[in-house]
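J.: Below you will find the structure I want to go over with you.
2 protein chains.
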Amino acid sequence: MFEDITVFLRNNGFKATPQRLAVYNALASTNGHPTADALFSALRPRFPTMSLATVYKALDVLAELKLIKVLNTGEFSFRYDADTSDHAHVRCEKCGRVSDVFSVAAGNIADIVKEAETETGCEISGRQIYFFGLCPECARAARAGQGN
Amino acid sequence: MFEDITVFLRNNGFKATPQRLAVYNALASTNGHPTADALFSALRPRFPTMSLATVYKALDVLAELKLIKVLNTGEFSFRYDADTSDHAHVRCEKCGRVSDVFSVAAGNIADIVKEAETETGCEISGRQIYFFGLCPECARAARAGQGN
DNA sequence: TAGCAACAGATAATGACTATTAATTAGTTG
DNA sequence: CAACTAATTAATAGTCATTATCTGTTGCTA
Numbered sequence: 479m480f481e482d483i484t485v486f487l488r489n490n491g492f493k494a495t496p497q498r499l500a501v502y503n504a505l506a507s508t509n510g511h512p513t514a515d516a517l518f519s520a521l522r523p524r525f526p527t528m529s530l531a532t533v534y535k536a537l538d539v540l541a542e543l544k545l546i547k548v549l550n551t552g553e554f555s556f557r558y559d560a561d562t563s564d565h566a567h568v569r570c571e572k573c574g575r576v577s578d579v580f581s582v583a584a585g586n587i588a589d590i591v592k593e594a595e596t597e598t599g600c601e602i603s604g605r606q607i608y609f610f611g612l613c614p615e616c617a618r619a620a621r622a623g624q625g626n
Numbered sequence: 479m480f481e482d483i484t485v486f487l488r489n490n491g492f493k494a495t496p497q498r499l500a501v502y503n504a505l506a507s508t509n510g511h512p513t514a515d516a517l518f519s520a521l522r523p524r525f526p527t528m529s530l531a532t533v534y535k536a537l538d539v540l541a542e543l544k545l546i547k548v549l550n551t552g553e554f555s556f557r558y559d560a561d562t563s564d565h566a567h568v569r570c571e572k573c574g575r576v577s578d579v580f581s582v583a584a585g586n587i588a589d590i591v592k593e594a595e596t597e598t599g600c601e602i603s604g605r606q607i608y609f610f611g612l613c614p615e616c617a618r619a620a621r622a623g624q625g626n
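Protein chains in written order, with the working numbering: chain A, 479 to 626; chain B, 479 to 626.
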């Protein structure tokens, strides 16, 4: 987590604009995994003049500097995550919520990656691991609904 | 692999149209992982009247019947795979090729899934595992180009 | 084989994202 | 701290993948 994104942006040749800081802060202050449009909607009250294109461009810059991560959980749109630590994600197929899975990280999948490299001959440098299912709430609701 | 998709479609209340069979056969006879548009282009010579929308609709039906799998490798478009066996994928970040990784399947990731369920409280029913890197050819080219 | 629901084909629409352009502004310099 | 300049914003039009609509056609059941 970078305390001073302002300095970090400048050191990398980018201007520290209020819009970029706002996008980063909005993303960093949620434990959800919003889409660009969700961020845009969330920021609109405080930044009524901001354009959706600006949100996309800010996210591009932040992703390029590896301040955020881009998620592609199989929906039509991308999601973003300000937590760049090594972790996986679960998406609830009922309510659509995306949660973090910190127990799945480099440590316990190193041998799997190694096997994949051996099999394919590829040089693997990245990975994305997504799980799908029901979040605790939706799972409970499903059980109750089924009359169990 | 189903020998007779025709019967399978009918048994599930779908009509076995030439277009659907053509889409399935085109997908089953390639070891690549084409997009809808790539399939459309491949089919066009033999089915000049077929529409892109038909390809999408055929893929929808096939996916619903679990005759094919939908891949989302982080590109803007989806890819499709007629091999519904349990496996992962690698995408080469240079040439874009998507290859199978059969060594990563249910067997050797069961404990990881279990950990994820314990941590999140979710009921996990599916997963998608993608690797990114360089395929053997592009890796070799990269090494050569670097003057190594 | 008649008949109808399902389907294909054509095309318009949608939604996520990107390019363009003119006006604005961040951040350096005097 | 005012002026300058290149980067950035806002607005908008455009692109691309995918989906909806609508009409004529066809698979397949009775």
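Beta carbons: idealized from backbone N, C-alpha and C, even for Gly.
No experiment lies behind these values; they were computed from the predicted model shown.
1. Using a 10 Å radius around the Cβ and a threshold of 16 neighbouring Cβ atoms, would you call residue 592 of chain A buried or exposed?
2. Report the neighbours of residue 610 of chain B on chain A: residues whose CB is nearer than 8 Å to its CB, in chain order.
3. Between the C-alpha atoms of residue 501 of chain A and residue 533 of chain B, what's the straight-line distance to the nearest angstrom?
4. What are the uninterrupted segments assigned as alpha helix (DSSP H) that are 4 or more residues long and contained completely in the segment 554-589 of chain B, given in chain order?
5. Give me, in chain order, the residues of the same chain whose beta-carbon lies closer than 8 Å to that of residue 514 of chain A; leave out the 5 immediate sequence neighbours on both sides.
6. Pull up the distance between the alpha-carbon of residue 602 of chain A and that of residue 492 of chain B, whole angstroms please.
7. Under 8 Å by Cβ, that's how I've got residue 604 of chain A and residue 611 of chain B pegged, so tell me the actual separation to the nearest angstrom.
8. With a threshold of 8 Å between beta-carbons, can residue 542 of chain B be considered close to chain A, or not?
9. Using C-beta distances below 8 Å, list every residue in its chain close to residue 613 of chain B, excluding the 5 sequence neighbours before and after it, in chain order.
10. Going by DSSP, what residue range makes up the alpha helix (DSSP H) through residue 529 of chain B?
11. For residue 561 of chain B and residue 503 of chain A, what's the separation of their Cα atoms in angstroms?
12. Can a CB atom of chain A be found closer than 8 Å to the CB of residue 555 of chain B?
13. Compare the C-beta of residue 626 of chain A against all C-beta atoms of chain B and say whether one is closer than 8 Å.
14. Distance, Cα to Cα, residue 549 of chain B vs residue 594 of chain B?
15. Does the beta carbon of residue 529 of chain B sit closer than 8 Å to a beta carbon anywhere in chain A?
16. Leaving out the 5 sequence neighbours to the left and right, which residues in its chain are closer than 6 Å to residue 512 of chain A when beta-carbon positions are compared?
17. Measure the CB-CB distance between residue 521 of chain B and residue 505 of chain B and report whether it falls below 8 Å.
18. Counting C-beta neighbours from all protein chains within 10 Å, is the total for residue 582 of chain A 16 or more, i.e. buried, or is it exposed?
19. Should residue 598 of chain A go down as buried or exposed, given a rule of 16 or more other Cβ atoms within 10 Å for buried?
20. By a C-beta neighbour count over all protein chains shown, 10 Å radius and 16 as the cutoff for buried, is residue 539 of chain B buried or exposed?
21. Would you say residue 590 of chain A and residue 587 of chain B are within 8 Å of each other, going by their C-beta atoms?
22. Which of helix, strand or coil does DSSP assign to residue 487 of chain A?
23. Excluding the 5 residues flanking residue 496 of chain A on each side, which residues of the same chain have their C-beta closer than 7 Å to its C-beta?
24. Please identify the residue among B/525, B/528, B/606 and B/499 whose C-alpha is closest to the C-alpha of residue 547 of chain B.
T.: Let me spell this out:
1. Within the first sequence, numbered from 1, the residue matching residue 592 of chain A stands at position 114. The residue is exposed, with fewer than 16 neighbouring Cβ atoms inside 10 Å.
2. Here residue 610 of chain B refers to the residue found at position 132 when the second sequence is read from its first residue. Within chain A, the residues near residue 610 of chain B are 602, 603, 604, 605 and 606.
3. The sequence position of residue 501 of chain A within the first sequence is 23, counting from 1. The sequence position of residue 533 of chain B within the second sequence is 55, counting from 1. Distance from the CA atom of residue 501 of chain A to the CA atom of residue 533 of chain B, rounded to whole angstroms, is 39 Å.
4. none
5. Numbered from 1 along the first sequence, position 36 holds the residue referred to as residue 514 of chain A. Hits under 8 Å: 530, 533, 534, 537, 555, 556 and 558.
6. Numbered from its first residue, the first sequence carries residue 602 of chain A at position 124. Numbered from its first residue, the second sequence carries residue 492 of chain B at position 14. One C-alpha to the other measures close to 41 Å.
7. By one-based count along the first sequence, residue 604 of chain A stands at place 126. By one-based count along the second sequence, residue 611 of chain B stands at place 133. That belief holds up - the Cβ atoms of residue 604 of chain A and residue 611 of chain B are roughly 7 Å apart, short of 8 Å.
8. Residue mapping note: residue 542 of chain B aligns to position 64 of the second sequence, counting from 1. Taking Cβ atoms only, chain A never reaches closer than 8 Å to residue 542 of chain B, which makes this a no.
9. Numbered from its first residue, the second sequence carries residue 613 of chain B at position 135. Within the same chain, residue 613 of chain B has close Cβ partners 568, 570, 572, 573, 575 and 577.
10. Start at 1 with the first residue of the second sequence, and residue 529 of chain B comes out as number 51. No alpha helix (DSSP H) contains residue 529 of chain B, which DSSP labels as neither H nor E.
11. To locate residue 561 of chain B, count along the second sequence from 1; it is residue 83. To locate residue 503 of chain A, count along the first sequence from 1; it is residue 25. Across the structure, residue 561 of chain B and residue 503 of chain A are spaced so that their CA atoms are roughly 43 Å apart.
12. Taking the first residue of the second sequence as 1, we reach residue 555 of chain B at position 77. So no, residue 555 of chain B is outside the interface.
13. Within the first sequence, the letter at position 148 stands for residue 626 of chain A. Only weak support is given to the placement of residue 626 of chain A: the predicted model assigns it a pLDDT of 49, under 50, and the value that follows is read from those uncertain coordinates. Taking Cβ atoms only, chain B never reaches closer than 8 Å to residue 626 of chain A, which makes this a no.
14. Translated into positions along the second sequence, residue 549 of chain B becomes position 71. Translated into positions along the second sequence, residue 594 of chain B becomes position 116. Each residue's alpha carbon lies about 22 Å from the other.
15. Here residue 529 of chain B corresponds to residue number 51 of the second sequence, with the count starting at 1. No, its Cβ sits nowhere closer than 8 Å to a Cβ of chain A.
16. Looking up residue 512 of chain A in the first sequence gives position 34. Cβ neighbours of residue 512 of chain A beyond the five flanking positions: none.
17. Position 43 of the second sequence, counted from the first residue, corresponds to residue 521 of chain B. Position 27 of the second sequence, counted from the first residue, corresponds to residue 505 of chain B. Not a contact, by the Cβ cut-off of 8 Å.
18. Working through the first sequence from its first residue, we reach residue 582 of chain A at position 104. It counts as buried.
19. As a position in the first sequence, residue 598 of chain A is number 120, starting the count at 1. Buried, since its Cβ has 16 or more Cβ neighbours within 10 Å.
20. Translated into positions along the second sequence, residue 539 of chain B becomes position 61. So residue 539 of chain B ends up on the buried side.
21. Walking along the first sequence from the start, residue 590 of chain A turns up at place 112. Walking along the second sequence from the start, residue 587 of chain B turns up at place 109. In contact: residue 590 of chain A and residue 587 of chain B (Cβ atoms closer than 8 Å).
22. As a first step, residue 487 of chain A is located in the first sequence; it is residue number 9 there, counting from the start. Correct three-state label for residue 487 of chain A: helix.
23. Along the first sequence, one-based indexing puts residue 496 of chain A at 18. If we look at residue 496 of chain A and ignore the five residues flanking it on each side, it has no Cβ neighbours.
24. Walking along the second sequence from the start, residue 547 of chain B turns up at place 69. Residue B/606 is the option with its Cα nearest to residue 547 of chain B.
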